[in-house]
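Written out below as structure tokens is the structure these notes cover.
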Amino acid sequence: LGMLSVARGATLLYSDGRPIPNLSPEFRFLGQGFLAGIPVPVIIFAIVFVIAWVVLRFTVYGRWIYAVGGNVRSAKTSGINTRLVIFSAYLIMGALAGLAGMILTARTTAALPQAGLGYELDAIAAVVIGGTSLTGGVGSVAYTLVGTLIIGIISNGLDLMGVSSYYQQIIKGSIIVLAVLIDRSRHRNP
56 LGMLSVARGA TLLYSDGRPI PNLSPEFRFL GQGFLAGIPV PVIIFAIVFV IAWVVLRFTV
116 YGRWIYAVGG NVRSAKTSGI NTRLVIFSAY LIMGALAGLA GMILTARTTA ALPQAGLGYE
176 LDAIAAVVIG GTSLTGGVGS VAYTLVGTLI IGIISNGLDL MGVSSYYQQI IKGSIIVLAV
236 LIDRSRHRNP
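If you're matching positions, the sequence shown starts at 56 in the working numbering and goes up one per residue.
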């Protein structure tokens, strides 16, 4: 969250808080283009989803991710280079967040300094609703997709009902708190 604030502040400083328009058509294609009738963002999502699913489910690195997430000390004792796994996980997630930011910018046809504000809450909510434990070691890409769809449906429904964005944040925050409480009670009482 600290780096998020630093990057957001630097963006506002650089842009003077104004949108940066006139993006190239090639860049806009990333967010608005179609290949074989399928939107490019959907194709990118499908590729990233399949790669993440395969890596987490079928590779040694995927097992290391779950092991480090579940218990760093045990993972280190078993010979896993936990610092490298944690660093690489943050590196991959940062790259994917950057890719998502590029797609959002391409979809809006301008670099908006405040674009994506609040999306971190949606991401956390989707992961928690998808069953990923905030204590680590438990979760799946497929269930996170289900959580994402649920959050998307809730957000869309609230928008269609004309619910204020302030209330939407309260509702999403309450969903996260409820999901965390359920997760904690599951881990306390196996």
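Heads up, the beta-carbon is just placed ideally off N, CA and C, and yes, glycines get one too.
Small disclaimer: the values here were computed from a predicted structure and weren't measured.
- The region 142–150 and the region 208–222 do not touch, with fewer than three beta-carbon pairs separated by less than 8 Å.
- When only Cα atoms are considered, Arg239 and Arg83 end up about 43 Å apart.
- Looking at the DSSP output, Leu90 bridges to Ile93.
- Contact between Leu90 and Ile98 holds: CB atoms are separated by about 6 Å, below the 8 Å threshold.
- For Ala107 against Val196, the beta-carbon gap comes to about 5 Å, under 8 Å, which counts as contact.
- With a cutoff of 8 Å on beta-carbon distance, Val103 and Leu176 are scored as not near each other.
- Rounded to whole angstroms, Thr132 and Arg162 show a C-alpha spacing of 46 Å.
- The criterion of a C-beta distance shorter than 8 Å is satisfied by Gly125 and Gly191.
- Under the DSSP assignment, Ile141 falls in the alpha helix (DSSP H) whose first and last residues are 137–163.
- For Gly217, there is no enclosing alpha helix (DSSP H), as DSSP gives it neither H nor E.
- Your pair Gly156 and Gly171 checks out as a contact, with CB atoms roughly 6 Å apart and the cut at 8 Å.
- By the beta-carbon neighbour count (other beta carbons within 10 angstroms, threshold 16), Thr114 is exposed.
- Annotation: Ser79 is outside any alpha helix (DSSP H) and is labelled neither H nor E by DSSP.
- Separation of Gly64 and Leu167 (C-alpha to C-alpha, rounded to the nearest whole angstrom) is 13 Å.
- Here Val235 is near Leu189, since their CB atoms are less than 8 Å apart.
- Straight-line measurement puts the Cα of Leu159 at about 9 Å from the Cα of Leu85.
- DSSP, read as helix, strand or coil, puts Ala130 in helix.
- The distance from the Cβ of Thr199 to that of Ala180 is about 11 Å, inconsistent with a contact at the 8 Å cut-off.
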